[in-house]
Every structure is written in structure tokens, then in C-alpha cells.
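Trainee: Dumping the structure here so I can ask a few things about it.
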Amino acid sequence: MIESNKVVGKRDPSKLRSNRWFGPDDLRSFGHRSRLKGMGIDDADYQGKPIVALLNTWSDLNTCHSHFKQRVDEVKRGVLQAGGFPVEVPVMSLGEMLMKPTTMLYRNLLAMETEEVLRCHPIDSAVLMGGCDKTVPALIMGAISADIPSVFFPAGPMLKARWKDQTLGSGTDAWKFWAERCAGNLCDNDWKGVENCIARSAGTCMTMGTASTMACIAEALGLTLPNAACVPAVVAEHSRLAVATGRRAVELAWENVTPRSLLTRASFENAMATQLSISGSTNAIVHMIAMAGRADIKLTLDDYDAMSKKVPVLADIRPSGKYLMEDFYDAGGLPGLLSRMRDLLQLETKTVNGLTLGEQIQAAEVIDDSVIRTRENPLWPTGGTCVLRGNLAPHGCVIKTVAAEPRLQKHVGPALVFDNYADLKKSINDPDLAVTADTVIVLRSAGPIGAPGFPEWGMLPIPEKLLKQGVRDMVRISDARMSGTSYGTCVLHISPESHVGGPLAFVQNGDLIELDVSKRSLMLLVDEATMIKRRGNWLPPTTTWTRGYHRIFAGHVTQAHEGCDFDFLHGHSSNREPDIF
Ligand code: FES
Numbered sequence: 003m004i005e006s007n008k009v010v011g012k013r014d015p016s017k018l019r020s021n022r023w024f025g026p027d028d029l030r031s032f033g034h035r036s037r038l039k040g041m042g043i044d045d046a047d048y049q050g051k052p053i054v055a056l057l058n059t060w061s062d063l064n065t066c067h068s069h070f071k072q073r074v075d076e077v078k079r080g081v082l083q084a085g086g087f088p089v090e091v092p093v094m095s096l097g098e099m100l101m102k103p104t105t106m107l108y109r110n111l112l113a114m115e116t117e118e119v120l121r122c123h124p125i126d127s128a129v130l131m132g133g134c135d136k137t138v139p140a141l142i143m144g145a146i147s148a149d150i151p152s153v154f155f156p157a158g159p160m161l162k163a164r165w166k167d168q169t170l171g172s173g174t175d176a177w178k179f180w181a182e183r184c185a186g187n188l189c190d191n192d193w194k195g196v197e198n199c200i201a202r203s204a205g206t207c208m209t210m211g212t213a214s215t216m217a218c219i220a221e222a223l224g225l226t227l228p229n230a231a232c233v234p235a236v237v238a239e240h241s242r243l244a245v246a247t248g249r250r251a252v253e254l255a256w257e258n259v260t261p262r263s264l265l266t267r268a269s270f271e272n273a274m275a276t277q278l279s280i281s282g283s284t285n286a287i288v289h290m291i292a293m294a295g296r297a298d299i300k301l302t303l304d305d306y307d308a309m310s311k312k313v314p315v316l317a318d319i320r321p322s323g324k325y326l327m328e329d330f331y332d333a334g335g336l337p338g339l340l341s342r343m344r345d346l347l348q349l350e351t352k353t354v355n356g357l358t359l360g361e362q363i364q365a366a367e368v369i370d371d372s373v374i375r376t377r378e379n380p381l382w383p384t385g386g387t388c389v390l391r392g393n394l395a396p397h398g399c400v401i402k403t404v405a406a407e408p409r410l411q412k413h414v415g416p417a418l419v420f421d422n423y424a425d426l427k428k429s430i431n432d433p434d435l436a437v438t439a440d441t442v443i444v445l446r447s448a449g450p451i452g453a454p455g456f457p458e459w460g461m462l463p464i465p466e467k468l469l470k471q472g473v474r475d476m477v478r479i480s481d482a483r484m485s486g487t488s489y490g491t492c493v494l495h496i497s498p499e500s501h502v503g504g505p506l507a508f509v510q511n512g513d514l515i516e517l518d519v520s521k522r523s524l525m526l527l528v529d530e531a532t533m534i535k536r537r538g539n540w541l542p543p544t545t546t547w548t549r550g551y552h553r554i555f556a557g558h559v560t561q562a563h564e565g566c567d568f569d570f571l572h573g574h575s576s577n578r579e580p581d582i583f
């Protein structure tokens with residue numbers, strides 16, 4: 003199933019990038035060669051062969067990549083089979099579950115590391131081993147900027163979890179069971195039982211969270227082998243995918259197929275269509291804009307919303323639907339789904355496999371229409387995720403309509419404002435809180451600079467007293483992101499964020515807020531004169547980020563609608579190491 007490809011052309015070995023390190027008869031190259039010999043590596047091991055770097059985001063603290071220790075050996079096997087020389091290069095591991103305040107703070111750091119590691123070493127091609135949310139865009143952003151031949155190898159989702167008679171999906175079902183526990187409907191034993199079962203194997207979240215969404219986007223962009231995005235992490239096929247990816251990386255080095263030679267505006271439009279058809283994580287919108295920026299392609303929220311008006315949701319997967327990633331794979335995976343929306347794709351885009359996207363999905367089929375819906379019976383017609391604008395979000399914000407209660411998609415309610423997350427946590431369950439099911443809960447200071455790092459706080463908790471009354475969804479708005487596994491009527495990524503003086507900073511308790519998804523509108527129903535007065539009285543918050551990477555982040559991160567990359571990292575850089583050294 004997962005085989006490559008067609009080798010387009012093999013270069014003269016002297017033209018390999020690594021030959022600039024090892025080929026010359028000079029003192030520096032003598033040093034390079036002799037130190038490899040000191041590691042037991044002889045000339046015959048690597049000379050005249052592509053050196054393939056396996057950028058491995060494994061760590062004992064990354065719960066989703068625990069199988070990468072084994073997979074990296076399997077990728078090496080593929081590289082050796084194809085006549086390359088594999089080198090394992092550890093890079094920063096961004097494990098979503100154990101990092102505080104948020105891995106998003108470090109996405110750009112891993113992207114920078116990836117770019118610099120690729121540039122400064124004798125590397126002819128790379129296998130990017132990632133999976134847990136931010137590792138995917140970070141590795142791809144860095145590889146685009148370095149523009150060295152690269153293929154992405156996704157970690158794959160966990161197996162489906164079981165508890166009692168129920169099938170569980172990580173993240174999504176944790177939120178649901180937590181709401182029941184807060185409502186008094188779940189005993190301690192059952193809660194512990196869910197904890198024991200919900201993460202069943204190595205791999206990424208098995209809902210259509212950010213990791214699975216980004217893996218699908220990587221495949222749609224043409225950066226993985228075909229049908230790579232959804233292979234469960236611990237099945238034998240995932241090992242075979244690893245070996246095949248290693249083999250392909252060698253061929254990419256010979257062909258000198260770089261990310262920038264593959265990626266076009268059409269590739270990113272395909273990625274947007276894919277994200278919408280799978281009802282993917284809203285986080286992916288930010289990441290797609292950032293990845294495209296590295297390729298000098300300007301994607302905007304308007305581009306995304308225009309696509310949203312055309313693309314139906316076909317994947318019936320949690321949190322928007324019923325099934326899990328393992329079901330999606332068994333039903334035909336991403337190629338099966340893409341084969342149902344050929345007319346919405348630009349099929350001539352290129353892939354690392356040497357085929358066009360159209361050729362790659364030519365033989366794809368769907369096995370189960372209940373998991374991958376037909377065009378006549380979509381999970382959601384169009385607009386499954388929408389961009390909203392209005393006086394509360396002049397530069398835009400997003401809502402995942404398909405995962406929200408329809409009755410709330412046109413709603414006016416009074417604001418209940420929390421200045422920051424600590425404030426919210428302290429007060430949200432206060433029995434005397436002035437809140438009803440019609441209230442619009444507002445959180446500010448949760449954006450890229452304000453939080454810090456743009457955390458996943460956007461699925462704001464429903465007050466316990468309302469949970470006990472049976473309320474399970476409310477309109478909630480913030481400048482935060484939310485986990486791809488989350489759901490509810492949550493307006494996210496409000497831009498500009500409150501910390502830099504976005505209108506969210508001036509909302510007061512009791513102000514009426516109007517959400518109207520059909521009009522793509524989010525409005526604060528307060529007159530302009532009052533807003534001007536409030537703005538005049540506003541004191542910009544001081545930043546406490548005075549040190550190290552945090553200082554760089556606060557000084558250079560762009561806003562949500564711009565992708566949250568650093569302002570100095572747009573576009574690519576030369577992949578040539580300075581010759582003088
Ligand atoms: Fe790693 Fe969800 S925690 S993918």
C-alpha cells in the first residue's frame with residue numbers, strides 16, 4: 003500500500019550537499035572525516051551516498067512519541083536499504099500533555115532549531131519525525147525555510163480506547179466525563195476508570211485533534227508518503243511506513259526535491275480544503291498561515307473562509323462526529339476522503355512521492371460511508387469552521403460551527419468578563435456568580451503575547467452551577483486557542499488580542515454581545531463613543547517577559563490572523579552553509 007514512487011533523476015554524488023563537508027582535500031574536511039572514523043564510521047559507510055538526517059522529536063516526556071525509539075531504527079533500515087547513510091539527530095520534543103504553559107510557546111523555537119540543524123550539518127535529506135500537535139508545523143516550517151529535501155513521518159494516532167461498554171477518544175471524552183463529574187454524575191471510581199483507559203497505546207490523540215489534523219494537512223500538502231497520516235501508531239503497517247519513508251528520503255536527496263520546489267499556493271489551498279473536510283482543529287488555521295509564510299505564500303483568514311463556503315465536512319470523527327482515527331483509517335483514510343472531493347482539489351500539485359496528488363488518490367476507495375460520508379450525506383454541508391469579523395474582532399476570529407450547538411449560533415447575551423485565566427479559575431464555580439445559560443463568557447489576556455504563548459484555554463469551563471442544571475454548551479469568546487479535541491460554541495483567536503489593545507480589552511460585565519454565524523459576525527453592542535472613552539482610559543499591561551527566548555517571543559510573535567510566526571522568519575533562507583568555514 004505505501005510504496006513509493008518513481009525516481010526522477012540521480013545526481014552526481016559530488017553534487018550532494020554533504021560532499022561539501024567530506025569531499026575537499028583540505029584540513030577542515032580532514033577533520034570531518036577523521037572524527038567520523040573516531041566513531042567507527044569508515045569512508046565506505048557514507049562517501050558517495052546521501053546522508054539522511056532523521057530529525058527525531060522523541061523524549062521520555064513526550065507521551066505521544068514513545069514508539070519513536072523503535073521507529074527511528076526502522077527509518078534507518080529503509081535509508082540503508084536504499085543506499086543512503088542515516089544519522090539520527092534529536093531535536094526539541096514538544097509533548098502536549100506535560101509542557102507548561104503551552105507547547106505553542108515553543109513551536110517557533112523548534113522551527114528555528116529545525117532550520118538551523120538542517121543548515122549547519124552535512125545533511126542531504128531529512129525525515130521529519132513528529133506527530134504531537136506543534137511538532138508537525140514546527141518541523142515543516144523549519145524544513146521549508148532550510149529548503150533541504152524532506153519527508154514528514156507522522157507518529158500516528160493511538161488505538162481506540164475502551165471503558166466499560168464505551169469507546170473513548172482522548173481529549174474529547176475527557177472533557178465530557180469531566181463535565182459529568184463536575185455536575186455530580188460520575189463517581190470517583192468511574193473517573194479513575196476513565197483515567198486508566200483513555201490513553202491506550204503510544205501515539206497521538208485518536209480524535210481529529212490537532213495532531214491528526216496536522217498529519218492530514220502534511221499529507222495533503224504532499225509532504226508524506228500516501229496514506230501516511232492515519233496509520234495507527236502501534237500497528238505493523240506503521241513500522242513498514244517508517245521503512246518506506248527512509249527509502250524515499252534517499253531518493254529525494256538524489257532528486258533534490260525540496261519543500262519549496264513542491265509547495266505552491268495550490269498545495270496550501272488543498273490543505274485548507276482538507277482541514278475543512280475533516281472538520282480539523284482550528285489550531286491548524288494558524289499553522290497553515292505560518293507554514294505558507296515560510297514558503298512566501300500569503301494565506302489569509304479570508305482565503306480560509308472562502309474555502310469554508312465550498313467544502314462540506316465528510317469525516318464523521320470526534321469531536322465533531324462519532325468515530326475515531328482508527329475507524330477513519332479502516333474506512334479508507336485520507337486518500338479515500340480526498341477521492342470524494344476531487345472537484346474541490348487542485349489535483350496537479352506535487353508530492354514527495356513523485357506523483358501528483360491526483361495520481362496519488364486515483365485508486366483510493368471508501369470502505370465505510372458512515373465514517374467517510376458521501377457528498378450527498380455530509381456531516382455538515384459547508385461552513386463547518388467559519389471566520390467571523392466585527393467590532394470585537396477587526397482582524398478576525400474563528401468558530402468551529404460543526405462542533406457547536408446549532409441553537410447558539412445566533413445568540414445575544416450579556417458578557418461575563420474574566421481579565422485572565424487565573425481570575426476565571428478562581429471565580430467560575432462560585433455559587434454566587436451572576437451567570438445564566440444565556441450569558442456570554444469572555445476571557446481576555448489569553449492570546450499570543452498576553453497569556454503568554456497562546457494557550458488552549460478557549461473551551462472556557464461552564465460554571466458548575468449551570469452544569470448541575472444540565473447546561474452543556476454556552477457562547478464563550480476569547481483571544482485563546484482551544485484543543486483540537488475540544489468542542490462547543492467557542493469563538494477563538496480574536497485578533498488583535500486584548501493584550502495589545504484589541505477591542506476585547508474594553509468589554510465590561512453586562513455589555514451585550516451578538517454572535518451571528520450565518521452573517522459571519524461578532525459584535526459588541528456598545529456605541530462607538532463609549533468604546534472610544536474606554537480605550538482612552540485603558541492602560542496597556544506591562545510585560546514580565548524580559549529574559550531569553552520568552553523575550554524574543556514577546557517581541558516578535560505575530561497575531562493569530564498572521565500565523566503567530568516570528569516577524570523575522572517569513573520566507574526562506576539559503577540552505578548553503580557559509581563556505582568560509
Ligand atoms: Fe500529543 Fe494529543 S497530546 S497529540
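Here the sequence shown is numbered in the numbering used here, starting from 3 and rising by one per residue.
Just so you know, even glycine gets a beta-carbon here, dropped at the ideal spot from N, CA and C.
Buried or exposed: where does residue 479 fall if 16 or more other Cβ atoms within 10 Å of its Cβ makes it buried?
Mentor: Classification of residue 479: buried, given that the 10 Å Cβ count is 16 or more.
Trainee: To the nearest angstrom, report how far apart residue 81 and residue 198 are at their CA atoms.
Mentor: Answer to the nearest angstrom: the Cα atoms are 38 Å apart.
Trainee: With distance defined between alpha-carbon atoms, name the residue in 255, 422, 333, 374 nearest to residue 16.
Mentor: If we check each option's Cα against that of residue 16, 255 comes out closest.
Trainee: Can you give me the Cβ contacts of residue 547 inside the same chain, cut-off strictly under 6 Å, excluding the 5 residues immediately before and after it?
Mentor: Correct list, in chain order: 553, 556.
Trainee: Tell me whether residue 344 is buried or exposed, calling it buried when 16 or more other Cβ atoms sit within 10 Å of its Cβ.
Mentor: The residue in question, residue 344, is exposed, as its Cβ has fewer than 16 Cβ neighbours within 10 Å.
Trainee: Going by CA-CA distance only, name the one from 37, 150, 302, 220 that's closest to residue 116.
Mentor: Per the Cα distances, 150.
Trainee: Do residue 460 and the ligand FES come close, with the Cβ less than 7 Å from some heavy atom?
Mentor: No, Cβ of residue 460 sits at least 7 Å from all heavy atoms of the ligand FES.
Trainee: Rounded to a whole number of angstroms, what is the C-alpha to C-alpha distance between residue 341 and residue 306?
Mentor: Cα to Cα, the separation comes out at about 21 Å.
Trainee: Could you pull the DSSP bridge partners for residue 58 from this structure?
Mentor: Partner(s): 92, 131.
Trainee: Excluding sequence positions up to five away, which residues of its chain have a Cβ less than 8 Å from the Cβ of residue 21?
Mentor: The answer, listed in chain order, is 15.
Trainee: So, helix, strand or coil for residue 65, using DSSP?
Mentor: Reduced to three states, the DSSP call for residue 65 is helix.
Trainee: By DSSP, does residue 206 sit in helix, in strand, or in coil?
Mentor: Strand, per DSSP.
Trainee: If you draw a straight line from the C-alpha of residue 310 to the C-alpha of residue 303, how long is it?
Mentor: Taking the straight line from one Cα to the other gives about 10 Å.
Trainee: If you run the structure through DSSP and keep just helix, strand and coil, what is residue 534?
Mentor: Correct three-state label for residue 534: helix.
Trainee: Shortest alpha-carbon distance to residue 335 belongs to which of 368, 153, 350, 355?
Mentor: If we check each option's Cα against that of residue 335, 368 comes out closest.
Trainee: Can you tell me whether DSSP reads residue 3 as helix, strand or coil?
Mentor: Legend: pLDDT at residue 3 = 40, less than 50; position of this residue unreliable, no value from coordinates given.
Trainee: Taking the alpha-carbon positions, what's the residue 8 to residue 261 distance?
Mentor: Residue confidence for residue 8 is low, a pLDDT of 47 falling below 50, so the modelled location carries little weight; the figure read from the coordinates is stated next. Looking at the two C-alpha atoms, the distance is approximately 17 Å.
Trainee: Apart from the five residues on each side of it in sequence, which residues of its chain come closer than 8 Å, Cβ to Cβ, to residue 31?
Mentor: Excluding residues within five positions, the ones whose Cβ falls inside 8 Å are 23, 24, 25.
Trainee: Could you work out which residue in 380, 511, 449, 458 is closest to residue 441 when comparing CA atoms only?
Mentor: Among 380, 511, 449, 458, the Cα nearest to that of residue 441 is on 511.
Trainee: If you reduce the DSSP assignment to three classes, tell me which class residue 413 lands in.
Mentor: Reduced to three states, the DSSP call for residue 413 is strand.
Trainee: At what residues does the beta strand (DSSP E) containing residue 397 begin and finish?
Mentor: 395-401 is the span of the beta strand (DSSP E), which, as asked, contains residue 397.
Trainee: Quick one: Cα of residue 4 to Cα of residue 375, how far?
Mentor: Its pLDDT being 42, under 50, residue 4 is placed unreliably by the model, and nothing is read from it.
Trainee: Tell me the DSSP bridge mates of residue 518?
Mentor: 412, 523.
Trainee: For residue 105, I'd like the list of residues in its chain whose CB is within less than 7 Å of its CB, leaving aside the five on either flank, ordered along the chain.
Mentor: The answer, listed in chain order, is 96, 98, 135, 136.
Trainee: By Cβ distance below 6 Å, which residues in the same chain neighbour residue 360 in space, the five residues on each side in sequence not counted?
Mentor: Same-chain partners within the cutoff: 349.
Trainee: For residue 400 and residue 287, what's the separation of their Cα atoms in angstroms?
Mentor: Roughly 9 Å separates the two Cα atoms.
Trainee: Identify, in the order they occur along the chain, each residue of the same chain with its Cβ nearer than 7 Å to the Cβ of residue 529, setting aside the five sequence neighbours on each side.
Mentor: Taken in chain order, the list of residues that qualify is empty.
Trainee: Which residue from 363, 159, 37 puts its Cα closest to that of residue 347?
Mentor: Closest by alpha carbon: 363.
Trainee: Return the residue from the list 43, 459, 78 that minimises the CA-CA distance to residue 244.
Mentor: When only C-alpha atoms are compared, the closest one is 78.
Trainee: Over what stretch of residues does the alpha helix (DSSP H) that includes residue 448 continue unbroken?
Mentor: Run containing residue 448: none; DSSP gives neither H nor E here.
Trainee: For residue 165, which beta-bridge partners are listed by DSSP?
Mentor: Beta-bridge pairing links residue 165 to 168.
Trainee: Within the structure, which residues are defined as neighbours of the ligand FES by a Cβ-heavy atom distance below 6 Å, reported in chain order?
Mentor: That query returns the following residues: 66, 98, 99, 134, 135, 206, 207, 211, 213.
Trainee: Roughly how many whole angstroms lie between the Cα atoms of residue 110 and residue 154?
Mentor: Straight-line Cα distance between these residues: approximately 18 Å.
Trainee: Quick check on residue 570: buried or exposed, where buried means 16 or more other Cβ atoms within 10 Å of its Cβ?
Mentor: Per the 10 Å Cβ criterion, exposed.
Trainee: Counting along the chain, where does the beta strand (DSSP E) carrying residue 152 start and finish?
Mentor: Note, residue 152: beta strand (DSSP E), 152-156.
Trainee: Using 8 Å as the Cβ pair cut-off and three pairs as the minimum, do the stretch 166-181 and the stretch 277-287 touch?
Mentor: The stretch 166-181 is not in contact with the stretch 277-287.
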